[in-house]
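Single-structure report; data block below.
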Amino acid sequence: MTSFFRKLRQNLLSQNRVTRYLAYAIGEILLVVIGILIALQVNNWNQERLAKMKAKSYHERIIEDLDIFIDETEGSIRRSSSIRKIILQTIDMLEAKELPEDKIGAFERTMHLYYQVPYRNPSISTITEMRSNGELELMQNLDLRKRLIQFEQEILSTDEILVGMGNHASQPVFYIEQYIRSIPDTNSVSNDWIEVGIQADFEAMANDEKVANFLSKFSVQWSHHMMFSRRLNQSAIQLRDELIQDLDALK
């Protein structure tokens with residue numbers, strides 16, 4: 006094809022047909038320009054297709070992250086409610102200075118769990134990845150993008166609050182632990198773990214008002230954790246549902 010156009014150009018020049026040559030030259034330039042424009046358009050289409058595929062993948066992964074977050078926070082809400090309940094039962098028993106036989110299990114569970122308030126929430130790792138890769142703009146729904154970033158910041162802020170609460174809980178734990186003795190079960194020793202039981206002096210704890218007071222503070226911590234988890238859970242559900250709608254628009 007190139008040799009054909011070269012021969013045609015040479016014939017026009019040899020025949021001194023300047024006007025036709027100029028027309029031919031302009032046509033050749035136009036063909037080149039059109040070819041470049043077509044190539045650029047094809048490239049743009051390809052880039053848009055790849056960006057849309059990537060955006061779809063990110064949407065799907067964020068939805069998966071939120072599903073995990075929702076499941077874990079729902080479990081956390083149930084656990085917080087259960088532990089808060091047995092702490093309150095234990096406080097009632099300490100104040101009454103009575104430990105009914107059918108409540109011994111609840112008392113022992115309280116001594117195991119009262120201080121184990123989680124101080125970290127699950128992260129939405131895909132959002133962090135998009136930010137580090139500079140690809141947040143792939144989520145073209147600006148309002149949804151903004152709210153996802155705000156949700157990520159809300160998780161971090163909540164973690165900071167929970168960590169602060171945990172730091173203030175160290176002194177009460179040390180105080181309560183003076184009445185508790187850990188008893189390792191040597192029959193259950195393995196290379197990976199050892200089961201540890203406890204022996205708590207209920208009578209001494211019942212005669213020390215500080216124990217009930219400190220436990221009441223932990224019940225408040227569990228209430229706060231439940232409240233934070235419920236709020237984050239509701240936000241995650243709403244964002245997930247909107248992301249699913251946004252993903253349907255990309256298909």
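First residue of the sequence shown: 6, per our numbering; consecutive thereafter.
Glycine included, each C-beta is placed from N, C-alpha and C at the ideal position.
Beta-carbon gap between residue 99 and residue 248 smaller than 8 Å: Locating residue 99 in the sequence shown gives position 94, where the first residue counts as 1. Locating residue 248 in the sequence shown gives position 243, where the first residue counts as 1. No, they are not a contact pair.
Residue burial classification, residue 133 (beta-carbon count within 10 angstroms, cutoff 16): By one-based count along the sequence shown, residue 133 stands at place 128. Its Cβ having fewer than 16 others within 10 Å, residue 133 is exposed.
Rounded C-alpha distance that separates residue 204 from residue 212: The residue you call residue 204 lines up with position 199 of the sequence shown. The residue you call residue 212 lines up with position 207 of the sequence shown. Approximately 17 Å, taken between the alpha carbons.
Contacting residues, own chain, Cβ-Cβ under 8 Å from residue 96 (five flanking each side not counted): The count along the sequence shown starts at 1 and reaches residue 96 at position 91. Here the set comprises 217, 220, 221, 224.
Among 127, 242, 206, 243, nearest to residue 164 - alpha-carbon criterion: What you label residue 164 is simply residue 159 of the sequence shown in a count that begins at 1. The shortest C-alpha separation from residue 164 is found at 127.
CA nearest to the CA of residue 210, picked from 238, 181, 123: Residue 210 sits at position 205 when you count from the first residue of the sequence shown. Comparing Cα-Cα distances from residue 210 to each of 238, 181, 123, the minimum goes to 181.
Cβ-based neighbour list, residue 91, same chain, cut-off 6 Å, excluding 5 preceding and 5 following: Translated into positions along the sequence shown, residue 91 becomes position 86. Taking residue 91 as the centre and dropping the five residues before and after it, the same chain places the C-beta of 111, 114, 115 closer than 6 Å to its C-beta, in chain order.
Residue 226, buried or exposed, once every other Cβ within 10 Å from all chains shown has been counted against 16: The count along the sequence shown starts at 1 and reaches residue 226 at position 221. Flag for residue 226 reads buried.
For residue 187, the residue or residues it bridges with in DSSP: Residue numbering aside, residue 187 sits at position 182 when the sequence shown is read from its first letter. In the DSSP output, where bridge partners are listed per residue, residue 187 has 203.
Between the CA atoms of residue 189 and residue 173 - distance to the nearest angstrom: Here residue 173 is taken as the residue at index 168 of the sequence shown, counted from 1. Here residue 189 is taken as the residue at index 184 of the sequence shown, counted from 1. The C-alpha of residue 173 lies about 28 Å from the C-alpha of residue 189.
Which of helix, strand or coil DSSP assigns to residue 35: Indexing the sequence shown from 1 puts residue 35 at position 30. DSSP places residue 35 in helix when its eight states are reduced to three.
Residue 59 vs residue 255 beta-carbon contact at 8 Å: Taking the sequence shown and counting its residues from 1, one reaches residue 59 at position 54. Taking the sequence shown and counting its residues from 1, one reaches residue 255 at position 250. No, the Cβ-Cβ distance between residue 59 and residue 255 is not below 8 Å.
Residue 101 classed as buried or exposed, judged by whether at least 16 other C-beta atoms fall within 10 angstroms: For the purposes of this step, residue 101 is taken as residue 96 along the sequence shown, with counting starting at 1. The residue in question, residue 101, is exposed, as its Cβ has fewer than 16 Cβ neighbours within 10 Å.
Buried or exposed (CB count within 10 angstroms, at least 16 for buried), residue 237: To locate residue 237, count along the sequence shown from 1; it is residue 232. With 16 or more Cβ atoms within 10 Å of its Cβ, residue 237 is classed as buried.
Simplified DSSP state of residue 122, which is helix, strand or coil: As a working note, residue 122 is residue 117 in the sequence shown. In this structure, DSSP gives residue 122 a state outside helix and strand, which the three-state scheme calls coil.
Coil, strand or helix - residue 26 by DSSP: One-based indexing of the sequence shown puts residue 26 at position 21. Caution is warranted here: a pLDDT of 49 is assigned to residue 26, below 50, making its placement in the model unreliable, and the coordinate value is therefore given only provisionally. Residue 26: helix per DSSP, three-state reduction.
Exposed unless 16 or more other CB atoms sit within 10 angstroms - verdict on residue 71: Within the sequence shown, numbered from 1, the residue matching residue 71 stands at position 66. Looking at its Cβ environment, which holds 16 or more other Cβ atoms inside 10 Å, residue 71 is buried.
Enclosing alpha helix (DSSP H) for residue 147 [first to last residue]: In the sequence shown, counting from the first residue as 1, residue 147 sits at position 142. It spans 147-173 - the alpha helix (DSSP H) in which residue 147 sits, taken as one unbroken run.
Contact set for residue 125: own chain, Cβ-Cβ below 7 Å, skip 5 residues either direction: Position 120 of the sequence shown, counting from 1, holds the residue named residue 125. Here the set comprises 164.
Three-state secondary structure assigned by DSSP to residue 102: The residue labelled residue 102 in the question sits at position 97 within the sequence shown. Correct three-state label for residue 102: coil.
Nearest-angstrom Cβ-Cβ length linking residue 63 and residue 135, presumed shorter than 8 Å: Here the question's residue 63 lines up with position 58 in the sequence shown. Here the question's residue 135 lines up with position 130 in the sequence shown. Yes, residue 63 and residue 135 are in contact; Cβ-Cβ is about 6 Å, under 8 Å.
Neighbourhood of residue 186 by C-beta, 6 Å cutoff - its chain only, sequence neighbours within 5 removed: Counting from one through the sequence shown, the residue named residue 186 turns up at place 181. The residues are 204.
Where residue 139 falls: helix, strand or coil (DSSP): Along the sequence shown, one-based indexing puts residue 139 at 134. Three-state DSSP puts residue 139 in coil, outside helix and strand.
Delimiting residues of the alpha helix (DSSP H) encompassing residue 251: Position 246 of the sequence shown, counting from 1, holds the residue named residue 251. Note, residue 251: alpha helix (DSSP H), 214-255.
Residue from 228, 246, 251, 245 whose Cα sits closest to the Cα of residue 88: What you label residue 88 is simply residue 83 of the sequence shown in a count that begins at 1. Answer by Cα proximity: 228.
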